[in-house]
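Visitor:
Numbering (my numbering), first residue to last: 92 to 337.
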């Protein structure tokens, strides 16, 4: 008799993507003896960590039937902001991180308000925000990378521990998987999370069911902005510099 858990998984939306991933890994492992080594898998997961976080933010927005094209620029400008505060202005680490996350939330809030109040399509709003944030990052950095060697005497980023390890497990991977698991659980098990699905599935029906559609839309943009800023902080710590065109 087939395992009920396996049958449930087989019918789920995850089955085909997971099968494709397993086959891809298998083929890559056959083509290269180095692909399935611990060192290579670790390197892949580290490099994918910022992208995983950005993908979670984008997924939340897409689930509501919208899109956020500004995330890449949120990531880049957040990196420039925290690097400037840390290296140039010597702002305490906790305050720098908090300010950068608030910056991401503010950008997301602006996106959400423009979409729900001004009735501008999310594609247009976030594309405009994309270029606006690129310009902001260029102005702050003056077009140059910001790194520990940007000041004299040079000193490391005070938040470089983010690219370190805990019990030989990279902190970046812990953060990325933690965020992914949390939001998967949130949208699956919590009413507010399921409201996101409802808005994306049928906005009118969701509104008739008493769901505050505008609030949900602004919420996902705010979360997306925060996650974009988080990815920017992690990326800056990892590559040890911030650049407007990251």
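C-beta: ideal position from N, C-alpha, C; glycine also.
#1: Sorted by chain position, which residues of the same chain lie with C-beta nearer than 8 angstroms to residue 256's C-beta, five sequence neighbours on each side aside?
#2: Distance check for residue 225 and residue 267, CA to CA, integer angstroms please.
#3: Here's a check: name, in chain order, each residue in its chain whose Cβ is nearer than 6 angstroms to the Cβ of residue 177, leaving out the five neighbours to either side.
#4: Does DSSP classify residue 261 as helix, strand or coil?
#5: Which value, in whole angstroms, describes the spacing of the CA atoms of residue 215 and residue 209?
#6: Taking 7 angstroms as the limit between beta carbons, can you name the residues of its chain near residue 238, skipping five residues before and five after?
#7: Classify residue 139 as helix, strand or coil using the three-state DSSP reduction.
#8: Could you spell out the range, first to last residue, of the alpha helix (DSSP H) harbouring residue 321?
#9: To which residues does DSSP link residue 237 through a beta bridge?
#10: DSSP beta-bridge partners for residue 256?
#11: Assign residue 222 to one of three DSSP states: helix, strand, or coil.
#12: Roughly how far, in whole angstroms, is the beta-carbon of residue 202 from the beta-carbon of residue 312, given that I think they are within contact range, below 8 angstroms?
#13: What first and last residue would you give for the alpha helix (DSSP H) that runs through residue 164?
#14: Give the straight-line distance between the Cα atoms of residue 120 and residue 110, rounded to the nearest whole angstrom.
Guide: Per the coordinate set shown:
#1: 262
#2: 24 angstroms
#3: 187, 248 and 249
#4: strand
#5: 12 angstroms
#6: 331 and 332
#7: helix
#8: 304-330
#9: 333
#10: 261
#11: helix
#12: 4 angstroms
#13: 162-174
#14: 15 angstroms
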